[in-house]
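4 protein chains.
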Amino acid sequence: MTEATTTTTTTGPTTGGQRQLSVGMIGYAFMGAVHSHAWRSAHRFFDLPLQPRMSVVCGRDAAKVEQAAATMGWQESETDWRRMIERDDVDLVDICTPGDTHAEMAIAALAAGKHVLCEKPLANSVEEAERMAEAAAEAATRGVRAMVGFTYRRVPAIALARKLVGDGRLGEVRHVRAQYLQDWLADPSSPLSWRLDKTKAGSGALGDIGAHVIDLTQHILGDTIGEVSGQLETFVKERPVATDSAGLSATAGTERGPVTVDDAAVFIARFTGGALGVYEATRFATGRKNAIRIEINGSLGSLAFDFEDMNVLHFHDATIDDEEGGFRRIVVTEPGHPYVGAWWPPGHGLGYEHGFTHQVVDLMRAIAADTDPSPTFADGLQVQRVLAAVETSSETRAWQTITG
Amino acid sequence: MTEATTTTTTTGPTTGGQRQLSVGMIGYAFMGAVHSHAWRSAHRFFDLPLQPRMSVVCGRDAAKVEQAAATMGWQESETDWRRMIERDDVDLVDICTPGDTHAEMAIAALAAGKHVLCEKPLANSVEEAERMAEAAAEAATRGVRAMVGFTYRRVPAIALARKLVGDGRLGEVRHVRAQYLQDWLADPSSPLSWRLDKTKAGSGALGDIGAHVIDLTQHILGDTIGEVSGQLETFVKERPVATDSAGLSATAGTERGPVTVDDAAVFIARFTGGALGVYEATRFATGRKNAIRIEINGSLGSLAFDFEDMNVLHFHDATIDDEEGGFRRIVVTEPGHPYVGAWWPPGHGLGYEHGFTHQVVDLMRAIAADTDPSPTFADGLQVQRVLAAVETSSETRAWQTITG
Amino acid sequence: MTEATTTTTTTGPTTGGQRQLSVGMIGYAFMGAVHSHAWRSAHRFFDLPLQPRMSVVCGRDAAKVEQAAATMGWQESETDWRRMIERDDVDLVDICTPGDTHAEMAIAALAAGKHVLCEKPLANSVEEAERMAEAAAEAATRGVRAMVGFTYRRVPAIALARKLVGDGRLGEVRHVRAQYLQDWLADPSSPLSWRLDKTKAGSGALGDIGAHVIDLTQHILGDTIGEVSGQLETFVKERPVATDSAGLSATAGTERGPVTVDDAAVFIARFTGGALGVYEATRFATGRKNAIRIEINGSLGSLAFDFEDMNVLHFHDATIDDEEGGFRRIVVTEPGHPYVGAWWPPGHGLGYEHGFTHQVVDLMRAIAADTDPSPTFADGLQVQRVLAAVETSSETRAWQTITG
Amino acid sequence: MTEATTTTTTTGPTTGGQRQLSVGMIGYAFMGAVHSHAWRSAHRFFDLPLQPRMSVVCGRDAAKVEQAAATMGWQESETDWRRMIERDDVDLVDICTPGDTHAEMAIAALAAGKHVLCEKPLANSVEEAERMAEAAAEAATRGVRAMVGFTYRRVPAIALARKLVGDGRLGEVRHVRAQYLQDWLADPSSPLSWRLDKTKAGSGALGDIGAHVIDLTQHILGDTIGEVSGQLETFVKERPVATDSAGLSATAGTERGPVTVDDAAVFIARFTGGALGVYEATRFATGRKNAIRIEINGSLGSLAFDFEDMNVLHFHDATIDDEEGGFRRIVVTEPGHPYVGAWWPPGHGLGYEHGFTHQVVDLMRAIAADTDPSPTFADGLQVQRVLAAVETSSETRAWQTITG
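Chains as they are written, first to last, in my numbering: chain A, 5 to 408; chain B, 5 to 408; chain C, 5 to 408; chain D, 5 to 408.
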């Protein structure tokens, strides 16, 4: 055993001719941790045209961000995001902060000629998202790319679902039912946090998790929601204030404050192509931890997915005789399945973080090919418009059309 | 082996002192067959205070109804329902006909002093249902009872669900999600039938199957839906006309006619007690044959049920430590489960028809006890009001309050 | 309402020309109840060439058997089975008694020219079963038929499984894994009953439930087990004696007595055709109530079945591309599925008792066609030989060949 | 974007005081890839007392191993394993080669004072395993540690299973049923590879995958298998020879060669503590990709696990009333579950490779604490003895006792 030095030298995975792309990441909490894992891992399993280099991570607390850099594998740390986006050793800015900061950071980074990967939801308002999409469109003319982080698209079972729909295997799609169910707020004594503060989070379950199922279903169908009628609800209207000022602590004090976002959102929808949708996003579904459940029924077949069993897609092929037909439990771990060939043998499942690794792969490939990655900021804006329409509909008590 | 005679003599299951109750049934198709099985079977497994006697079955075609009497075990047949309800050997009228006939038959039978069991939905309009509920209320003052046939209430797993909610095991109920999914109309070449004709059927998926999940969820919660926002849809607007005039045939000709009812209905709802509901009824969910799926999330626990696995109820008890918690797959075949003690040992499941047998049991017991059976016509009327509100909401594109 | 008479007159389901077949049943406990339901119901749903007539039920206690006759719908009762099998109004004897009585009763009934339906296991020893099979073979030459009651063969999902294997859809069968899991003896304070007494029951879990999975797997494969290596175990060697002398009571006293049968049996097997089998039968699988679980793997596909979800068969077709392949959850409720057309629409599941009703159907058809019903006594004897080989193997600690 | 250099400088995750442990890995195929991922990742998520340093990877082909070093993140490469184990910058040797090389490599490494992590099965024979266990015992007296890589022990659901059994929640264990089902050899045209060659692989399904379920069940029970009766089978006795001489290619030529290992193994077992076991390992279970299925029944409860749904453990608590009881689907992703706190929020599942990461964590902690890691080589030897007993039993056709 040898004494450690604080710096180790690591041979890169590829030879000298390969181009690198230097990354700066803002934020280092849950999202920062999983993004870092993806930046560290993508080139270990996939053949990438650009090699990510983990240059710098940025956060407000100097000591904490320095510790995060060490833990997560970033070469340096910064405390000022404006300074970071100006650095020469940053080619791409990865934004992992709460939604109220996305617009300012992303627009500034794109203006500085940096590619941007921005966590979802794209912004806290349609107005912000519009400005971001405009900035991204302008930047694209300069070869600067922007992507919004709807990573669940890159779960292999979801990618397979999109492929089956795209190949016409479901025929004409008639029904979409989608739920994102969690239960971490079901206990009324859970304290307030920034996620329950509308000024920080923009919205509650609707924007945080509802955004995912809106994006996923639109992505799988290759269609967009045209109108909605919805209802938001805050079941627990007041909660104990957390004992730390930043509202990041899970420890509650005796003081109580208002919850200013929705605990749950339900809505019905009509897709442009005619399908009927039924949606639900909640943090009060006791016993459901991260249940992203999507079912699609078409004239020729159906699909069903539940993220709590993320390596499986259920597919019903209605062209098979009824006597032999049934939902087929496809274990999406075959080499021929999307993204899977780079990983393990059949039956050796992937986990939550693999979607983020695949996101890095697709982003590196798009940048190297000088094309827009998917989903673009325009896609993120479209989701934002659906979120806004649900909110408006809940207030006006009437259907709301999504335009744009 | 001996040559058969057309009449056999059967010893009754109970001794001389027991009272009989003579039944006349109108209609002998699918519903008539399963009702007959229930009338034949209930007293073989349950100790009943009244012994059903299968006196007479009624239908318009003399030859066919006579054959049905023989097959299903009715002593005699009739072709005129008005004559049947006047017979002395008919104490109870069991109405198994399409919805457009329910009001006239039920009101006449009650007026004639006969108990009534009427298939669901109670009627084709709120106005009819109101008159039926009034007639039932008046008849009850004379000791004449009326029940509407929402038999799924009597599936043991559903009865257990109601018990758990009633016992407070779910705490405050926040979410209800309910679907009734079938797929028999997904094929656009399936011919027209009376079920697709608004004048006969009243509505399509909404009234035929949506009515069941409305009733079941209200029953399990012990609460009523207060307001709804919904959308009806007819995906296939024209279909081949069936080759027989009555529209009962499954064989299509070349002529085409309009579908005048909904193929699918979706709606969001608010219960009087505050819970949010999401509902869906469709005949276009490819691969789902008779999927009555109900999930309820409360502050202390959750339930999940799917009729395609009808002997199972999933129950999450949130008071158990998270490290050991999870949805519990209760196989509802224990002697202590509702209705089950009369049947087979644990693990020996029941089938679709048992709910109808339990319906006969509960009805006989209510009549013998001189109390109203459940669900009453008033309960049926309330469901009708929800159906109407969904329809109106679909037209006005706005929320609709259920009053009454 | 009218006062009941003890006898009612019921119109038979078919017209005068149809032949009847009069049945006498011995035993009226659990098996008697479900057999009676089948005799009452089969002709109500199926077109039968012979109409069963429920003539007489036989038991030792005159009062109780008279009550059973009334409850279950038998015209008369008897207390002497020898007298019953001599009656002119008995064409078929249905034996629902413990295994130690089967040989004597069945052989006498066949000698008296009566068809026989005998509950499984066929007998308590190979020697008895051999005599029964001989008697059945001899009787068949006189047109008198014998059938052993392995009713699970007639669960539609099992019948479909046999069809798929027979059609070659699984290719060459390599693996059979079969379990029959119950848990009603897991509690060591459960009292002794006749089922735990070797002189009455012959064996424990092995013969009572293991016999079923032996028969089912041989039936599905159309092959027989050629050799076995097994182990029997009695986990709880002494139990409280029941408070009634017959050992039928579930109430335990303070006295304790020995358990003389196996609590569980496990064995590995080789089929004549080369497949490897793994078997398990136990009453100690906590939480499994009546889990008959069968899986078959062949070169072209696989099947999986669990009686706790009895209307479903899982089928993997390995000829489908891996990217789309998976176990297909066939809901075995389509009109084209075995036996199902006589019942309800798709998705409306059947229950435990339907297998017994189908048994009556197949038996009536075989007798009318003057052919041997399946499974024959010879089939029952073959199962008995496997049971004996497992027992011998457990004693000799070596493989045992099944001959015969 | 900047041009890449072949070497990048990475800040280590921890500060100067932390000790490092330098690793040399032999083999870089499937196992090498997943081990490398674990070595790269463990300290990013867990607080480790020793920081792994990926010094050198070893393989016979200089060009390929150099490429593997770059791809997998090793600083240097070697082509001679004997030279590698002598290097000063190697504190631990990680053996990821076929079983016929384990004994020689591990014993030499331990003699050289290097800790060893050795892939399973420990060896190709009991004799080799005995020598390895002796060497490990001797090395331990010098503070040099050895561990065998049964990583599935470190799947959180399996660790939870062991905890529940250890806490007495299952009471007295009566039944163990365990299967490891794959299907990649079901096609008879799949070519020969080293895994089908007894001189290289030692055994077939038995040692490759059967070893895992033997280890897992013994680990969960905290008990050992005392005797077995088994049967090995080679369904396809000849296969096409692969086109490359090393037998590593999946491309078949026209020549055919013999399969010298088992395709499948089945056996029944008796645990020292009295439980009955039923085991199966096969590569012919069409449709099962990596189905490690374990069920345990005890007097107070039961467990069920399937690796195809690896983040879930089913637990039946028999002390709960039957009316509410049932198998509980525990989603093993709570912070309080074994290993999970270091990863993602509830409901965000882990994948196959996490078990390897946890293995690194436990190994680093054991070495730092100067204790033997688990499982030891002695544990590996015990599994080897069970494997040998199954093989002997298959030849002698009789039960075989495991001694040692």
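Note that beta-carbon positions come from the ideal geometry of N, C-alpha and C, so glycine has one too.
Assigned exposure category for residue i - 16 Cβ within 10 Å defines buried
{"i": "S397 of chain D", "result": "buried"}
{"i": "T380 of chain D", "result": "buried"}
{"i": "G345 of chain B", "result": "exposed"}
{"i": "F34 of chain C", "result": "exposed"}
{"i": "P377 of chain D", "result": "buried"}
{"i": "D383 of chain A", "result": "buried"}
{"i": "P125 of chain D", "result": "buried"}
{"i": "A67 of chain C", "result": "exposed"}
{"i": "E399 of chain C", "result": "exposed"}
{"i": "E395 of chain D", "result": "buried"}
{"i": "D267 of chain A", "result": "buried"}
DSSP state of residue i mapped onto helix, strand, coil
{"i": "R260 of chain C", "result": "strand"}
{"i": "H39 of chain C", "result": "helix"}
{"i": "S45 of chain A", "result": "helix"}
{"i": "A165 of chain D", "result": "helix"}
{"i": "H320 of chain C", "result": "strand"}
{"i": "S303 of chain C", "result": "coil"}
{"i": "Q388 of chain D", "result": "helix"}
{"i": "R409 of chain D", "result": "Here chain D has residues from 5 to 408 only, and residue 409 of chain D is not among them."}
{"i": "A402 of chain D", "result": "strand"}
{"i": "V152 of chain B", "result": "strand"}
Residue range of the beta strand (DSSP E) that includes residue i
{"i": "P377 of chain C", "result": "Run containing P377 of chain C: none; DSSP gives neither H nor E here."}
{"i": "F331 of chain A", "result": "331-335"}
{"i": "H106 of chain D", "result": "Careful: H106 of chain D lies outside any beta strand (DSSP E), inside the alpha helix (DSSP H) at 106-115."}
{"i": "M314 of chain C", "result": "First-last for M314 of chain C: undefined, no H or E at that position."}
{"i": "R274 of chain C", "result": "268-275"}
Span of the alpha helix (DSSP H), counted from its first residue to its last, around residue i
{"i": "T221 of chain A", "result": "215-225"}
{"i": "M368 of chain A", "result": "358-372"}
{"i": "A72 of chain C", "result": "66-76"}
{"i": "A139 of chain C", "result": "130-145"}
{"i": "I89 of chain B", "result": "85-90"}
{"i": "A246 of chain B", "result": "Note, A246 of chain B: premise wrong, no alpha helix (DSSP H); beta strand (DSSP E) at 242-246."}
{"i": "T203 of chain C", "result": "202-205"}
Sheet register partners of residue i (DSSP bridge)
{"i": "I296 of chain A", "result": "A:Y184"}
{"i": "S26 of chain A", "result": "A:R57"}
{"i": "L96 of chain C", "result": "C:V27, C:H119"}
{"i": "Q235 of chain B", "result": "B:V270"}
Check your understanding: Got a sec: which bits of the region 310-328 of chain B sit with their beta carbon under 9 Å from any beta carbon on chain D, in order along the chain?
Key -> V316, L317, H318, F319, H320, D321, I324, D325, D326, E327, E328
Exercise for review: Anything in the region 350-372 of chain B with a Cβ closer than 9 Å to a Cβ of chain C? List those residues in chain order, please.
Suggested key: P350, G351, H352, G353, L354, G355, Y356, E357, H358, I371
Check your understanding: the region 127-157 of chain C: which residues have C-beta closer than 8 Å to a C-beta of chain D, in chain order?
Key -> none
**Study point:** Members of the region 46-76 of chain B near chain C, C-beta cut-off 7 Å
**Key:** R48, Q55, R57, A73, A74, T75, M76
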